[in-house]
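Student: Sharing a structure with you now.
Number of protein chains: 2
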Amino acid sequence: MNELSRYERQIKQAGLRLTAPRRIILRILEQSGDHPDAAEIFQRAAKMDARISLATIYRTMKVLEETGAVERHAFQGGPARFEQADREHHDHLIDIETGAVVEFTSPRIEELQRAIAEELGYEIVDHRLELYGRKMT
Amino acid sequence: MNELSRYERQIKQAGLRLTAPRRIILRILEQSGDHPDAAEIFQRAAKMDARISLATIYRTMKVLEETGAVERHAFQGGPARFEQADREHHDHLIDIETGAVVEFTSPRIEELQRAIAEELGYEIVDHRLELYGRKMT
DNA sequence: ATGCAAATGCGACTTATTCTCATTAAGACT
DNA sequence: AGTCTTAATGAGAATAAGTCGCATTTGCAT
Ligand SMILES: [Zn+2]
Ligand SMILES: [Zn+2]
Ligand SMILES: [Zn+2]
Ligand SMILES: [Zn+2]
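And the structure:
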């Protein structure tokens with residue numbers, strides 16, 4: 530009866546308990562192709578188990594972030610948004626008209642960032658690159 | 530007696546009133562070489578005129594942002610931080626140990642961003658590039 | 001099956017920011 | 001200088017996002 534998902538295994542390996550709320554939240558993240566915020570995850574979770582509380586969503590997101598299972602983004606002003614972390618690193622372009630989030634990667638930008646930081650005597654631990662744009666006609 | 534600063538002129542040209550609180554806040558921004566948040570600006574302003582309220586700081590920062598006099602940054606988690614907008618565009622590296630903010634520019638990254646957005650069919654309206662790092666030993 | 005610590009639910013709290021509304025005061029016009 | 005109009009302010013209430021304290025529940029090692 531061990532049908533543990535990649536994420537469920539990650540939880541256990543971190544010495545954490547695989548509780549019902551965590552299972553549900555992990556399932557939601559696996560199924561989401563978007564970048565939901567805590568309130569959205571809460572709503573989706575409520576459909577599977579109405580007992581789950583918003584505080585648990587926040588706590589779980591923090592735990593998942595710490596174990597490396599999810600990534601947290603804080604786009605312009607809005608609440609934190611999350612996505613699974615098992616994908617290749619990418620950055621985001623946000624459509625300022627529709628709010629749509631487009632993902633992209635640029636090895637050259639990544640390398641330039643590294644070089645810039647190094648020149649300043651720093652080692653990059655994390656970075657954020659967000660482009661805000663509007664569709665060209 | 531018309532010793533209007535660049536910013537004060539900007540305010541008037543936007544059809545806004547040049548009030549005492551606005552003068553004070555503008556002076557503070559002119560003198561700050563750092564990236565203060567609303568609370569810090571409030572404290573500095575209180576030294577010049579104790580009547581000024583925090584709500585006015587927030588309102589004024591919004592107005593100044595709209596008139597293009599200041600730029601708003603939202604670094605990792607913390608409150609919004611501001612700086613004058615009359616400088617050359619630059620991005621930021623934040624020291625995760627000390628909180629220090631180092632500024633840098635990279636024409637190559639800027640150009641790459643433009644090219645990426647264009648390829649995706651977008652025109653960049655704004656962007657954020659923040660590096661979070663720790664000093665190399 | 002039992003026990004204990006970890007995790008949860010709930011509400012209170014915090015932090016950052018915005019809003020409401022009565023009062024003040026810029027700036028325009030005598 | 002005095003008056004008027006209305007934008008801007010101060011003070012505090014309200015809101016939004018997230019965290020915390022604590023009694024209760026529950027995963028899971030024994
Ligand atoms: Zn990147
Ligand atoms: Zn993404
Ligand atoms: Zn830039
Ligand atoms: Zn700067």
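These protein sequence lines map, in sequence, to chains A and B. Each residue of the first sequence is one higher than the one before, counting from 530 in the numbering used here. Each residue of the second sequence is one higher than the one before, counting from 530 in the numbering used here. Where a beta carbon is used, it is the ideal one built from N, C-alpha and C, also for glycine.
1. Under the three-state reduction of DSSP, which class applies to GLU652(A): helix, strand or coil?
2. Using DSSP with H/G/I as helix, E/B as strand and the rest coil, what is GLN613(B)?
3. What is the residue span of the beta strand (DSSP E) that PHE633(B) lies within?
4. Going by the C-beta, is LEU660(A) closer than 7 Å to any heavy atom of ligand 1?
5. Cβ atoms of GLU594(A) and ARG588(A): under 8 Å apart, would you say?
6. Out of TYR661(A), LEU660(A), VAL654(A), GLU537(A), point me to the one whose CA is closest to TYR661(B)'s CA.
7. With distances taken from CA atoms, which of ASP620(A), PRO550(A), ILE540(A) is nearest ALA646(B)?
8. Please name the residue, chosen from THR585(B), ASP563(B), GLY544(B), that lies closest to ILE553(B) on a Cα-to-Cα basis.
9. Report back the beta-carbon spacing between HIS564(A) and GLU626(A) to the nearest angstrom; my notes put them in contact at under 8 Å.
10. Return the chain-ordered list of same chain residues with a C-beta closer than 8 Å to the C-beta of VAL599(B), the five sequence neighbours on each side being excluded.
11. Given this structure, state the Cα-to-Cα distance separating ILE540(B) from ALA575(A), to the nearest angstrom.
12. Taking all protein chains shown into account, decide if MET530(B) is buried (16 or more other Cβ within 10 angstroms of its Cβ) or exposed.
13. Pull out every residue of the region 538-558 of chain B whose Cβ sits closer than 8 Å to any Cβ of chain A, in chain order.
14. Hey, PHE604(B) and GLU659(B): beta-carbon distance below 8 Å or not?
15. Answer yes or no: do ALA543(B) and PRO608(B) have a C-beta to C-beta separation smaller than 8 Å?
16. Give me the chain A residues within the contact set of LEU593(B), using Cβ-Cβ distance strictly less than 8 Å, ordered along the chain.
17. Assuming GLU507(A) is part of the alpha helix (DSSP H), what are its boundary residues?
18. What would DSSP say about GLU626(B), mapped onto helix, strand or coil?
19. Distance check for ARG643(B) and VAL630(B), CA to CA, integer angstroms please.
20. Going by the CB atoms, is the gap between GLU652(B) and ARG663(A) shorter than 8 Å?
21. When you compare the CB positions of LEU545(B) and GLU537(B), do they come within less than 8 Å of one another, or not?
22. Could you pull out every residue in the same chain whose Cβ sits closer than 6 Å to the Cβ of THR634(B), ignoring the five residues on either side in sequence?
23. Within 8 Å (strictly less), CB to CB, does TYR651(B) reach chain A?
24. Out of GLY650(A), PRO636(A), ILE638(A), ARG616(A), which one is the CA nearest neighbour of GLY597(A)?
25. For ASP578(B), which option in SER561(B), PRO550(B), LEU533(B), THR666(B) has the closest C-alpha, if you only look at C-alpha atoms?
Tutor: Quick answer:
1. Residue numbering aside, residue 652(A) sits at position 123 when the first sequence is read from its first letter. GLU652(A) falls in the strand class under three-state DSSP.
2. As a working note, residue 613(B) is residue 84 in the second sequence. Note: GLN613(B) maps to strand in three-state DSSP.
3. Numbered from 1 along the second sequence, position 104 holds the residue referred to as residue 633(B). Element bounds for PHE633(B): 630-633.
4. Along the first sequence, one-based indexing puts residue 660(A) at 131. No, since every heavy atom of ligand 1 falls outside the 7 Å radius drawn around the Cβ of LEU660(A).
5. In the first sequence, counting from the first residue as 1, residue 588(A) sits at position 59. In the first sequence, counting from the first residue as 1, residue 594(A) sits at position 65. Cβ distance not < 8 Å, so ARG588(A) and GLU594(A) don't count as in contact.
6. As a position in the second sequence, residue 661(B) is number 132, starting the count at 1. The candidate whose alpha carbon is nearest that of TYR661(B) is VAL654(A).
7. The residue you call residue 646(B) lines up with position 117 of the second sequence. Nearest option by C-alpha distance: ASP620(A).
8. In the second sequence, the residue the question calls residue 553(B) occupies position 24. Taking only the C-alpha atoms, the option nearest ILE553(B) is THR585(B).
9. Along the first sequence, one-based indexing puts residue 564(A) at 35. Along the first sequence, one-based indexing puts residue 626(A) at 97. In fact, because the Cβ distance is near 17 Å, the residues do not count as touching under 8 Å.
10. Position 70 of the second sequence, counted from the first residue, corresponds to residue 599(B). Excluding residues within five positions, the ones whose Cβ falls inside 8 Å are LEU558, MET590, LEU593, PHE611, GLU612, GLN613, ALA614.
11. Here the question's residue 540(B) lines up with position 11 in the second sequence. Here the question's residue 575(A) lines up with position 46 in the first sequence. Going from the Cα of ILE540(B) to the Cα of ALA575(A) covers about 49 Å.
12. For the purposes of this step, residue 530(B) is identified with residue 1 of the second sequence, where counting begins at 1. Low confidence applies to MET530(B): its pLDDT is 45, below 50, so where it sits in the model is not reliable, and the reading given next is rough at best. Exposed, because fewer than 16 other Cβ atoms sit within 10 Å of the Cβ of MET530(B).
13. none
14. Numbered from its first residue, the second sequence carries residue 604(B) at position 75. Numbered from its first residue, the second sequence carries residue 659(B) at position 130. Result yes, Cβ atoms of PHE604(B) and GLU659(B) sit closer than 8 Å.
15. As a first step, residue 543(B) is located in the second sequence; it is residue number 14 there, counting from the start. As a first step, residue 608(B) is located in the second sequence; it is residue number 79 there, counting from the start. Their beta carbons are not under 8 Å apart, which means ALA543(B) does not touch PRO608(B) by this criterion.
16. Counted from its first residue, the second sequence places residue 593(B) at position 64. Chain A residues near LEU593(B): none, gap ~17 Å exceeds 8 Å.
17. In the structure as shown, chain A begins at 530 and stops at 666. Residue 507(A) is therefore absent and cannot be evaluated.
18. Position 97 of the second sequence, counted from the start, is the residue given in the question as residue 626(B). DSSP places GLU626(B) in coil when its eight states are reduced to three.
19. For the purposes of this step, residue 630(B) is taken as the residue at position 101 of the second sequence. For the purposes of this step, residue 643(B) is taken as the residue at position 114 of the second sequence. Their backbone Cα atoms lie some 25 Å apart in a straight line.
20. To locate residue 663(A), count along the first sequence from 1; it is residue 134. To locate residue 652(B), count along the second sequence from 1; it is residue 123. For ARG663(A) and GLU652(B), yes; Cβs fall inside 8 Å.
21. Position 16 of the second sequence, counted from the first residue, corresponds to residue 545(B). Position 8 of the second sequence, counted from the first residue, corresponds to residue 537(B). Against a cut-off of 8 Å, the Cβ pair of GLU537(B) and LEU545(B) comes out as no contact.
22. Translated into the one-based positions of the second sequence, residue 634(B) becomes position 105. Around THR634(B): HIS619.
23. Taking the first residue of the second sequence as position 1, residue 651(B) is located at position 122. At least one chain A Cβ lies under 8 Å of TYR651(B).
24. In the first sequence, residue 597(A) corresponds to position 68, counting from 1. Closest option to GLY597(A), Cα to Cα, is ARG616(A).
25. Residue 578(B) sits at position 49 when you count from the first residue of the second sequence. Among SER561(B), PRO550(B), LEU533(B), THR666(B), the Cα nearest to that of ASP578(B) belongs to PRO550(B).
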